[in-house]
Each structure stands twice: as structure tokens, then as C-alpha cells.
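Using the working numbering, you'd call the opening residue of the sequence shown number 0 and step up by one each time.
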Amino acid sequence: MTVNCISPGQIPKSTTDEGHVERSRQAIPLQRTGTSDDLKGAIALLASPAGAWITGHNLIVDGGWSIW
Numbered sequence: 000m001t002v003n004c005i006s007p008g009q010i011p012k013s014t015t016d017e018g019h020v021e022r023s024r025q026a027i028p029l030q031r032t033g034t035s036d037d038l039k040g041a042i043a044l045l046a047s048p049a050g051a052w053i054t055g056h057n058l059i060v061d062g063g064w065s066i067w
């Protein structure tokens, strides 16, 4: 059994304040907020045989925000 976690960065919704989205965008090294599509690769990796040897990991998918 494997147990992992994906920690996404900000993925704004249509109800998210535009000022907050812009401030967040400026603070992210990749200069954009995320989309749900940005998480698909991480999910696919951890759910596939390619990720069978990965366990106990927190995969941060945040455009580099956490290292800024």
C-alpha cells in the first residue's frame, strides 16, 4: 500500500477576488496561478505503475510558490 499527498498551490475559482488572484500571481515564480489541469500529471504519476515505489511523500504542485 502507498500513501501520498498532493499539496496544490492556489487554483482560483470564478468567485475568487481578482485582486487576490493578481497578488498571488505576482508572488509565484512561474507568474501564473494554477488550474486543475496542472494537477493531472501529479495525480497520474502517483496513481500509475510509474509511482509504485513512491510512498509517504507530499508532492507540492504550486508553481514554485513554496520556495519563493
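Yeah, the Cβ is synthetic: ideal placement off N, Cα and C, and Gly gets one too. Every value quoted in this text rests on a predicted model; they were computed, and no experiment measured them.
Contact between G62 and G33 holds: their C-beta atoms lie close to 6 Å from each other, under 8 Å. Looking at the DSSP output, S65 shares a beta bridge with no other residue. Taking a C-beta distance under 8 Å as the contact criterion, L38 and V2 do not qualify as a contact pair. For I42, the secondary structure class from DSSP, reduced to helix, strand or coil, is helix. For the set I42, A51, W67 and G55, the Cα lying nearest the Cα of P7 is the one of I42.
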